[in-house]
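Residue numbers (the numbering used here): 1 to 168.
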């Protein structure tokens with residue numbers, strides 16, 4: 001029952017927050033009209049859940065009560081949303097790929113895909129060209145290899161007399 005009560009309050013909280021986000025209500029009005037009684041009600045549900053006989057319910061309510069102050073950051077800080085939908089959207093392509101592909105054959109392959117997917121998600125979020133970024137990374141890596149090869153050749157000519165072009 002505690003879970004259903006919490007979900008009802010969460011639905012009210014998110015519905016009223018949507019009105020703030022859409023401009024139909026001010027943040028101040030939201031705080032004055034809804035936030036106080038919603039927080040008080042949720043605290044009561046957490047207390048009831050912690051005191052319940054169900055170990056799982058008590059544990060979840062205990063964890064939710066600990067992070068309670070952070071749960072309302074979106075009310076005080078502009079640009080913070082109460083849900084993680086942006087993160088979910090960013091991960092959607094990676095999840096779809098994972099569900100439709102054969103995956104990877106090694107831990108290194110898994111890390112590679114993980115990193116490339118992170119670059120793609122970040123690029124989309126920042127509205128930057130992912131292909132240009134990856135091409136730039138590849139060019140920088142090749143340039144570094146060329147510089148290292150030149151350095152090795154220089155060292156070889158200076159300190160290895162038997163090497164081609166070395167000092168005899």
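The beta-carbon is built from N, C-alpha and C at its ideal position, and this holds for glycine as well. In this text the structure is predicted, and so the values were computed from the model without any measurement.
Quiz item: If you draw a straight line from the alpha carbon of residue 74 to that of residue 81, how long is it in whole angstroms?
Solution: Taking the Cα positions, residue 74 is about 5 Å away from residue 81.
Quiz item: How many angstroms separate the CA atom of residue 27 from the CA atom of residue 20?
Solution: When rounded, the separation of the alpha-carbon atoms in residue 27 and residue 20 is 6 Å.
Quiz item: How about residue 91 and residue 70: do their beta carbons lie closer than 9 Å?
Solution: Inclusion of residue 91 and residue 70 in the CB contact set at 9 Å is not warranted, their separation being larger than that value.
Quiz item: Less than 9 Å separating the beta-carbons of residue 57 and residue 113?
Solution: Taking C-beta atoms as the reference points, residue 57 and residue 113 fail to come closer than 9 Å.
Self-check item: Uninterrupted alpha helix (DSSP H) stretches inside the stretch 108–137 (no shorter than 4 residues)
Solution: Those alpha helix (DSSP H) runs which fall completely within the stretch 108–137 and span 4+ residues do not exist here.
Quiz item: Terminal residues of the continuous alpha helix (DSSP H) containing residue 40?
Solution: Judged by DSSP secondary structure, residue 40 falls within the alpha helix (DSSP H) whose first and last residues are 36–50.
Self-check item: Supposed contact pair residue 115 and residue 94 - C-beta distance, whole angstroms, cut 8 Å
Solution: No, residue 94 and residue 115 are not in contact; Cβ-Cβ is about 11 Å, not under 8 Å.
Exercise. Could you say which of 25, 30, 29 and 40 lies nearest to residue 6 if we only look at CA atoms?
Key: The residue among 25, 30, 29 and 40 with its C-alpha nearest the C-alpha of residue 6 is 40.
Practice problem: State the Cα-Cα distance for the pair residue 24 and residue 64, rounded to the nearest angstrom. | Solution: In this structure, the straight-line span from the alpha carbon of residue 24 to that of residue 64 is close to 29 Å.
Quiz item: Alpha carbon to alpha carbon, what distance is there between residue 150 and residue 83?
Solution: Counting only the Cα atoms, residue 150 lies some 52 Å from residue 83.
Exercise. Check residue 158 in the structure and name its three-state DSSP category.
Key: In the structure shown, residue 158 adopts helical secondary structure according to DSSP, grouped into three states.
Exercise. To the nearest angstrom, report how far apart residue 109 and residue 76 are at their CA atoms.
Key: The straight-line gap separating the alpha-carbon atoms of residue 109 and residue 76 is approximately 42 Å.
Quiz item: Could you give the distance in angstroms between the alpha-carbon of residue 47 and the alpha-carbon of residue 97?
Solution: Taking the straight line from one Cα to the other gives about 42 Å.
Quiz item: Distance, Cα to Cα, residue 124 vs residue 130?
Solution: Using only the alpha carbons, I get a separation of about 8 Å.
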